[in-house]
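**Student:** Residue 54 in the UniProt record's numbering sits at position 54 of the sequence shown, with consecutive numbering throughout.
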Amino acid sequence: MAIKNKFPVAMGDVFPHGAFVVSDVEPVRDFDKSAPGRPVQQTDKESGLPVWSVSVLDADPEARRSDKTVTVKIAATHQPVPPEAAAGLPIRPVEFDGLTVTPYVQETGGRPRVAFSFRAAGMRAPGNHRPVPAKNQDAA
């Protein structure tokens, strides 16, 4: 099977109505390596880069309340900077480059459900397209 754990997805497939940054970009804590008073930032298993997280509001009016806000993790050398807020709005529209999703089973109140973990190579303001080269492309 070609799908291992995560697979690439288009921004428009995950957030067809757009997405908005609703938190600061923060380092992801590595709970296995951290100690009281000595936090250690998580590193990406593939690239070795530090991992950052940002909360994003899904603008889909049909999304369930529990699915309205999701976390996207970004592996980057430096803390990613969210796009500027749109004129007259307190929130910042965002698009993600190199977006991947990893489905997993989550137990909630004794009931299993499928949940998703999102990762991205970077974030930018909508319309500022900077393509991210696809990995493992076969030569034509």
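Backbone N, C-alpha and C define an ideal beta-carbon position, used for all residues, glycine too.
Please read all numbers here as calculations on a predicted model, not as lab measurements.
For G12, report the span of its alpha helix (DSSP H) as first-last.
**Tutor:** Sequence index remark: in the sequence shown, residue 12 carries index 12 (1-based). From DSSP, the alpha helix (DSSP H) with G12 extends over M11 to V14.
**Student:** DSSP state of D97, grouped into three classes?
**Tutor:** As a first step, residue 97 must be located in the sequence shown, where it is residue number 97. In the structure shown, D97 sits in a strand (DSSP, three-state: E or B).
**Student:** First and last residue of the beta strand (DSSP E) that includes V114?
**Tutor:** Counted from its first residue, the sequence shown places residue 114 at position 114. Unbroken beta strand (DSSP E) run through V114: R111 to A120.
**Student:** Here's a check: name, in chain order, each residue in its chain whose Cβ is nearer than 7 angstroms to the Cβ of V70, leaving out the five neighbours to either side.
**Tutor:** Along the sequence shown, read from residue 1 onward, the residue named residue 70 stands at position 70. Here the set comprises V56, D58 and F118.
**Student:** Between the beta-carbon of V94 and the beta-carbon of P112, is there less than 7 angstroms?
**Tutor:** Along the sequence shown, read from residue 1 onward, the residue named residue 94 stands at position 94. Along the sequence shown, read from residue 1 onward, the residue named residue 112 stands at position 112. No, they are not a contact pair.
**Student:** Using a 10 Å radius around the Cβ and a threshold of 16 neighbouring Cβ atoms, would you call Q106 buried or exposed?
**Tutor:** On the sequence shown, position 106 is the one that residue 106 refers to. By the neighbour-count rule (16 or more Cβ atoms within 10 Å), Q106 is not buried but exposed.
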